[in-house]
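Chemist:
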Amino acid sequence: MIIGAGIVGANVADELTARGWDRVTVLDQGPLPLTGGSTSHAPGLVFQTSPSKTMTTFASYTASKFLSLDVDGEWCFNQVGGLEVATTEQRLAELHRRQGWATSWGVAASVIDPQECAKLHPLLDADRILGGLYVESDGLAKASRVVVALARRAQSRGAVFQGSTKVTGIEHSGGRVTGVATANGVVPADIVVSCGGFWGPDLGALIGMDVPLLPLAHQYAKTDQIPELVGRNTELSEAGFPILRHQDQDLYFREHVDRLGIGSYAHRPMPVDMSELPDGEISADAMPSMLQFTEEDFAPAWEQSQKLLPCLQTAKVESGFNGIFSFTPDGGPLIGESPDVSGFWIAEAVWVTHSAGVARAVAQLLIDGRSEVELHGCDVHRFEDVQLDPGYVSETSQQNFVEIYDILHPLQPKESPRNLRVSPFHVRQTELGAVFLESGGWERPHWFEANAALVDELPVAWQPPARDEWSAMFHSRIAAAEAWRTRTAVALYDMTPLKRLEISGPGALALLERTTTGKMDKSVGSVTYTLALDEAGGVRSDLTVARLGADSFQVGANGNLDLDYFRRQAPSDGSVTVRDITGGTCCIGVWGPRARDLVSALSRDDFSNEAFKYFRAKQVRIGGVPVTAMRLSYVGELGWELYTSADNGLRLWDALWAEGQRHGIIAAGRAAFNSLRLEKGYRSWGTDMTTEHNPYEAGLGFAVRTQKDGFIGRDALVGVSDDTVERRLACLTIDDGKQVVLGSEPVFLDGSPAGYVTSAAFGHTVGVPIAYAWLPATAVPGTKVEIQYFDRRVPATVVAEPLVDPEMKKIRS
1 MIIGAGIVGA NVADELTARG WDRVTVLDQG PLPLTGGSTS HAPGLVFQTS
51 PSKTMTTFAS YTASKFLSLD VDGEWCFNQV GGLEVATTEQ RLAELHRRQG
101 WATSWGVAAS VIDPQECAKL HPLLDADRIL GGLYVESDGL AKASRVVVAL
151 ARRAQSRGAV FQGSTKVTGI EHSGGRVTGV ATANGVVPAD IVVSCGGFWG
201 PDLGALIGMD VPLLPLAHQY AKTDQIPELV GRNTELSEAG FPILRHQDQD
251 LYFREHVDRL GIGSYAHRPM PVDMSELPDG EISADAMPSM LQFTEEDFAP
301 AWEQSQKLLP CLQTAKVESG FNGIFSFTPD GGPLIGESPD VSGFWIAEAV
351 WVTHSAGVAR AVAQLLIDGR SEVELHGCDV HRFEDVQLDP GYVSETSQQN
401 FVEIYDILHP LQPKESPRNL RVSPFHVRQT ELGAVFLESG GWERPHWFEA
451 NAALVDELPV AWQPPARDEW SAMFHSRIAA AEAWRTRTAV ALYDMTPLKR
501 LEISGPGALA LLERTTTGKM DKSVGSVTYT LALDEAGGVR SDLTVARLGA
551 DSFQVGANGN LDLDYFRRQA PSDGSVTVRD ITGGTCCIGV WGPRARDLVS
601 ALSRDDFSNE AFKYFRAKQV RIGGVPVTAM RLSYVGELGW ELYTSADNGL
651 RLWDALWAEG QRHGIIAAGR AAFNSLRLEK GYRSWGTDMT TEHNPYEAGL
701 GFAVRTQKDG FIGRDALVGV SDDTVERRLA CLTIDDGKQV VLGSEPVFLD
751 GSPAGYVTSA AFGHTVGVPI AYAWLPATAV PGTKVEIQYF DRRVPATVVA
801 EPLVDPEMKK IRS
């Protein structure tokens with residue numbers, strides 16, 4: 001059962017029936033085919049380029065699929081191309097960056113000069129623009145027509161579409177969905193997919209599922225007749241110029257035969273109270289998703305439109321409306337299954353641009369158990385509990401509306417809300433002048449102003465080069481000093497925000513043996529770096545598993561997706577308990593050559609190399625505080641991760657800090673951490689590898705115990721090895737020793753695009769910028785490549801990894 005017959009629901013029905021499912025019913029409260037949701041009034045612009053590989057892939061599939069559709073010979077996708085113009089130097093630089101993203105994700109795009117822009121779109125005033133980004137394969141989707149085409153095709157394979165049928169409840173029993181209640185009775189179903197768009201939160205509420213989505217109104221206007229367009233288009237073709245975006249003023253434009261449509265995000269956010277929507281019969285002229293146009297909000301947008309397109313100076317706004325669309329806290333769609341009611345799925349906050357791609361992913365999840373496109377940025381379970389609060393959803397979704405066309409730096413944090421989650425060390429970090437960035441609601445120190453004086457003490461070899469304006473944003477030279485002190489003395493790193501799970505019970509060992517690639521049946525006190533794979537052998541997470549008791553394990557995970565995964569995988573017989581213990585605990589990484597001296601001075605426990613070996617865990621006391629100490633290091637230096645309960649955290653920090661004064665201690669932040677981890681070649685899941693990559697491609701084959709049977713994904717790895725893969729995550733160093741890149745830039749091999757950068761940082765220990773990138777396996781150490789950074793190519797070289805301490809002498813000393 002699919003709830004919602006708009007662009008998403010129709011696509012899901014089409015994708016499922018194409019794969020052989022013929023017992024599919026699509027219900028909608030509105031009449032068919034224009035049901036009154038966002039699809040009914042969507043302008044249909046498909047701009048493919050995004051900083052997200054996943055979202056670009058969704059959009060590219062959507063464009064390709066819609067291009068193949070028609071309704072009685074009439075087009076469903078008019079591939080007129082897409083043009084984004086710049087009126088500021090900052091936007092022009094952004095367009096070069098966007099062209100890089102397109103190249104990274106396999107979309108042909110080019111940055112062109114003002115004259116070329118005006119040649120493509122003659123209505124433009126070429127004197128007002130500095131250039132544009134042109135993507136020939138972008139275009140216009142006729143959303144209402146697409147729905148008809150998809151419904152007809154799905155119906156020909158057995159699907160049933162039923163309009164004017166409001167869903168009033170979701171039936172479930174024993175933790176599984178059993179049907180959908182309507183005014184006409186209950187329709188049995190063992191799988192329900194909610195594609196209700198901005199009604200999604202109401203549908204989720206029927207089973208108590210939080211759907212973090214905010215309906216917001218977005219203005220769309222249509223002009224009267226434009227003389228310059230008369231005779232250019234027909235009612236059938238509608239448009240001939242590229243779809244146009246003027247992101248410096250939060251505007252977009254498309255043709256409607258001899259008129260122009262103008263969409264504006266340049267107005268105040270307009271949250272919609274669903275209870276105030278008109279409740280009555282839906283028609284083409286009375287749709288609940290089309291609210292009254294507010295002319296005063298559109299006035300500034302109209303003025304800017306007339307400046308960019310001089311033909312509008314004699315035109316008038318003939319009609320307009322405030323259309324409702326779905327926004328989320330991070331701008332991503334919401335895909336996933338209810339954690340409490342098996343068989344209830346959602347595909348919400350999906351725009352026309354990505355609709356077919358999302359639908360394909362949902363169909364693959366339902367039928368194959370996995371999507372070929374990785375989904376961690378789309379999974380509804382990516383949000384922490386604090387991020388599901390309606391107030392948080394409202395504020396952040398409105399801010400996402402405001403920033404939708406803004407130039408955003410990869411490290412740019414939210415300005416509000418902040419201080420939602422702070423570690424027990426936050427008060428001390430604030431005293432040390434911590435510069436905090438935000439992730440998952442957590443405040444995370446990026447560097448400490450208290451270490452500024454150390455910059456003047458840096459040896460010549462540690463002095464970092466000056467950075468360009470973009471890579472210098474949200475960065476400080478203090479990071480070099482913090483890396484230096486970590487390598488030469490000792491530093492405290494707040495690792496509290498990293499997700500910690502407790503998996504316990506008589507079935508815990510069996511669960512972990514089945515869900516991970518490593519051997520879990522080790523002695524109490526063992527710590528294992530391992531992977532969780534999907535059925536196709538893709539890396540769904542990397543984990544650090546500590547066996548703290550015969551039936552008790554602490555799992556260092558990557559986020560809420562891992563919590564959701566292990567809870568789903570746990571047997572229903574109660575033999576395993578999976579708990580998120582992150583909020584009740586805290587962690588300090590104590591790392592550096594003097595780490596042993598520091599902790600030994602505060603404890604009666606033996607921290608010698610013989611008594612406390614690498615990748616072991618012990619219960620100890622440090623400064624009188626009970627601590628679970630794990631000898632691990634993600635910066636490549638001697639040290640421990642020290643875990644304790646949140647109430648003991650500040651006391652532990654203070655004890656380490658006081659004693660550490662004799663050992664050159666500092667507090668260090670994520671900027672230094674990221675540099676140090678890359679020098680050691682440590683991967684970051686979700687950035688360096690995802691479900692689209694297998695362990696051997698990612699350089700993590702060592703974490704797969706090949707003689708172990710029965711773990712998820714094992715069969716898919718048969719015959720796969722380091723020697724058989726065709727691509728690898730490779731370490732690059734920048735040849736000029738200066739230029740820092742930030743990630744997602746395309747990499748060229750022999751002059752052609754061959755891959756893209758994942759993580760990057762300046763390597764303070766080695767004195768050169770580092771980038772990790774996906775490249776063909778033929779790109780062995782010594783291979784020369786180029787990284788596209790804005791509008792230029794930066795020479796780089798593939799090098800052997802890790803760059804620091806490849807013999808692991810320091811970390812094991």
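The sequence shown stops at residue 813 when you use the numbering used here, and every number in between is there.
Each residue gets a CB set at the ideal place from its N, CA and C atoms; glycine is no exception.
As the structure is a prediction and not an experimental result, all values here were calculated from the model.
Can you tell which of Thr-577, Gln-313 and Asn-322 has the C-alpha that lies nearest to the C-alpha of Asp-125?
Modeler: Residue 125 sits at position 125 when you count from the first residue of the sequence shown. Asp-125 has its Cα closest to that of Gln-313, out of Thr-577, Gln-313 and Asn-322.
Chemist: Is the beta carbon of Gly-755 sitting closer than 7 Å to the one on Leu-775?
Modeler: Along the sequence shown, read from residue 1 onward, the residue named residue 755 stands at position 755. Along the sequence shown, read from residue 1 onward, the residue named residue 775 stands at position 775. Taking 7 Å as the Cβ cut-off, Gly-755 and Leu-775 qualify as a contacting pair.
Chemist: Report the rounded CA-to-CA distance for Ala-629 versus Ser-603, giving the unit in angstroms.
Modeler: Your numbering for residue 629 matches position 629 in the sequence shown. Your numbering for residue 603 matches position 603 in the sequence shown. Each residue's alpha carbon lies about 12 Å from the other.
Chemist: In the DSSP output, which residue or residues are listed as bridge partners for Ile-346?
Modeler: For the purposes of this step, residue 346 is identified with residue 346 of the sequence shown, where counting begins at 1. In the DSSP output, where bridge partners are listed per residue, Ile-346 has Ser-194 and Gly-336.
Chemist: Quick one: complete beta strand (DSSP E) runs, 3+ long, within the segment 296–327?
Modeler: Fully enclosed beta strand (DSSP E) runs of 3 or longer: 317–327.
Chemist: What are the boundary residues of the beta strand (DSSP E) that includes Asp-654?
Modeler: Walking along the sequence shown from the start, residue 654 turns up at place 654. First-last for Asp-654: 649–660, but that is the alpha helix (DSSP H), not the beta strand (DSSP E).
Chemist: Which of helix, strand or coil does DSSP assign to Asp-562?
Modeler: Start at 1 with the first residue of the sequence shown, and residue 562 comes out as number 562. Helix.
Chemist: Check this for me: beta carbons of Leu-676 and Ala-483, under 7 Å apart or not?
Modeler: For the purposes of this step, residue 676 is taken as residue 676 along the sequence shown, with counting starting at 1. For the purposes of this step, residue 483 is taken as residue 483 along the sequence shown, with counting starting at 1. In contact: Leu-676 and Ala-483 (Cβ atoms closer than 7 Å).
Chemist: Using only the alpha-carbon positions, how far apart do Leu-656 and Thr-496 sit?
Modeler: Numbered from its first residue, the sequence shown carries residue 656 at position 656. Numbered from its first residue, the sequence shown carries residue 496 at position 496. Near 16 Å, if we compare the C-alpha coordinates of Thr-496 and Leu-656.
Chemist: Give the secondary structure of Trp-199 by DSSP, where H, G and I count as helix, E and B as strand, and everything else as coil.
Modeler: Taking the sequence shown and counting its residues from 1, the one referred to as residue 199 is at position 199. Correct three-state label for Trp-199: helix.
Chemist: Taking Cβ to Cβ, would you say Ala-508 is nearer than 7 Å to Phe-566?
Modeler: One-based indexing of the sequence shown puts residue 508 at position 508. One-based indexing of the sequence shown puts residue 566 at position 566. The answer is no: Cβ separation not under 7 Å.
Chemist: Taking only three categories from DSSP, how would you classify Glu-535?
Modeler: As a first step, residue 535 must be located in the sequence shown, where it is residue number 535. Three-state DSSP puts Glu-535 in coil, outside helix and strand.
Chemist: Mapping DSSP to helix, strand and coil, what is Trp-447?
Modeler: Residue numbering aside, residue 447 sits at position 447 when the sequence shown is read from its first letter. In the structure shown, Trp-447 sits in a strand (DSSP, three-state: E or B).
Chemist: Would you please state the rounded distance, in angstroms, between the beta carbons of Phe-325 and Leu-291? I believe it to be under 8 Å.
Modeler: By one-based count along the sequence shown, residue 325 stands at place 325. By one-based count along the sequence shown, residue 291 stands at place 291. No, Phe-325 and Leu-291 are not in contact; Cβ-Cβ is about 11 Å, not under 8 Å.
Chemist: Quick check: what's the CA-CA separation for Phe-383 versus Val-160?
Modeler: The residue given as residue 383 occupies position 383 in the sequence shown. The residue given as residue 160 occupies position 160 in the sequence shown. The alpha-carbon atoms of Phe-383 and Val-160 are separated by roughly 34 Å.
Chemist: Would you mind listing the beta strand (DSSP E) stretches within the segment 360–437 that are 3+ residues and don't spill past its ends, in chain order?
Modeler: Qualifying beta strand (DSSP E) stretches: none in this window.
Chemist: Relative to the C-alpha of Leu-34, which candidate in Thr-88, Thr-25, Ser-144 and Val-352 has its C-alpha closest?
Modeler: Mapped onto the sequence shown, residue 34 falls at position 34. Closest by alpha carbon: Ser-144.
Chemist: Out of Pro-43, Ala-671 and Val-627, point me to the one whose CA is closest to Asp-647's CA.
Modeler: Walking along the sequence shown from the start, residue 647 turns up at place 647. Comparing Cα positions, the closest option is Val-627.
Chemist: When DSSP labels each residue in this structure, what does Trp-21 get in the three-state scheme?
Modeler: As a position in the sequence shown, residue 21 is number 21, starting the count at 1. Of the three classes helix, strand and coil, the one that applies to Trp-21 here is coil, per DSSP.
Chemist: Does the beta-carbon distance from Asp-379 to Gly-336 come in below 7 Å?
Modeler: Position 379 of the sequence shown, counted from the start, is the residue given in the question as residue 379. Position 336 of the sequence shown, counted from the start, is the residue given in the question as residue 336. Yes; because the gap between Cβ atoms is below 7 Å, this pair is in contact.
Chemist: Going by DSSP in three states, Phe-293 sits in which element: helix, strand or coil?
Modeler: Here residue 293 refers to the residue found at position 293 when the sequence shown is read from its first residue. Residue state, collapsed to three classes: coil.
Chemist: What are the start and end residues of the alpha helix (DSSP H) that includes Leu-678?
Modeler: In the sequence shown, residue 678 corresponds to position 678, counting from 1. That run of the alpha helix (DSSP H) goes 670–679.
Chemist: Taking three-plus beta-carbon pairs below 8 Å as touching, is the segment 25–32 in contact with the segment 228–241?
Modeler: Touching, no, given that fewer than three Cβ pairs across the two stretches are closer than 8 Å.
Chemist: Under 7 Å Cβ to Cβ from Arg-232, same chain only, skipping five residues before and after it: list those, please.
Modeler: Here the question's residue 232 lines up with position 232 in the sequence shown. Once the five neighbours on either side are set aside, the close Cβ partners of Arg-232 are Gly-240.
Chemist: If you count every other CB in all the chains shown that lies within 10 Å of the CB of Val-625, and 16 or more means buried, which is it?
Modeler: Numbered from 1 along the sequence shown, position 625 holds the residue referred to as residue 625. Under this definition Val-625 is a buried residue.
Chemist: Could you give the DSSP three-state label for Phe-702: helix, strand or coil?
Modeler: Taking the sequence shown and counting its residues from 1, one reaches residue 702 at position 702. Looking at Phe-702 - three-state DSSP - the assignment turns out to be helix.
Chemist: Who are the Cβ neighbours of Gly-369 in its own chain at under 6 Å, not counting the five residues just before and after it?
Modeler: Here residue 369 is taken as the residue at index 369 of the sequence shown, counted from 1. If we look at Gly-369 and ignore the five residues flanking it on each side, its Cβ neighbours are Glu-535.
Chemist: Which one of Ala-452, Leu-512, His-475 and Ala-546 has the shortest CA to CA distance from Leu-576?
Modeler: Taking the first residue of the sequence shown as position 1, residue 576 is located at position 576. Sequence inspection shows Val at residue 576; the Leu mentioned does not correspond to that position. It is Leu-512.
Chemist: Which residues does DSSP pair with Ser-526 in a beta bridge?
Modeler: Along the sequence shown, read from residue 1 onward, the residue named residue 526 stands at position 526. Looking at the DSSP assignment, Ser-526 forms a beta bridge with Arg-616.
Chemist: Take Ser-137 as the anchor and find which of Ser-645, Ser-633 and Phe-77 has the nearest alpha-carbon.
Modeler: Residue 137 sits at position 137 when you count from the first residue of the sequence shown. Comparing Cα positions, the closest option is Phe-77.
Chemist: Measure the Cβ-Cβ separation of Ser-394 and Leu-214 and say whether it is below 7 Å.
Modeler: For the purposes of this step, residue 394 is taken as the residue at position 394 of the sequence shown. For the purposes of this step, residue 214 is taken as the residue at position 214 of the sequence shown. Against a cut-off of 7 Å, the Cβ pair of Leu-214 and Ser-394 comes out as a contact.
Chemist: Which of the three DSSP states is assigned to Pro-776 in this structure?
Modeler: Taking the sequence shown and counting its residues from 1, the one referred to as residue 776 is at position 776. Three-state result, Pro-776: strand.
Chemist: Kindly identify the DSSP beta-bridge partner or partners of His-764.
Modeler: Residue mapping note: residue 764 aligns to position 764 of the sequence shown, counting from 1. Bridge partners of His-764: none, in fact.
Chemist: Ala-814 by DSSP, collapsed to three states: which one?
Modeler: This structure does not reach residue 814, given that the chain is present from 1 up to 813, and the question cannot be answered.
Chemist: Look at Ala-13 and Ala-154 and say whether their C-beta atoms are less than 7 Å apart.
Modeler: Counted from its first residue, the sequence shown places residue 13 at position 13. Counted from its first residue, the sequence shown places residue 154 at position 154. Their beta carbons are under 7 Å apart, which means Ala-13 touches Ala-154 by this criterion.
Chemist: Just verifying my parser: in three-state terms, what is the DSSP assignment at Tyr-61?
Modeler: On the sequence shown, position 61 is the one that residue 61 refers to. Helix.
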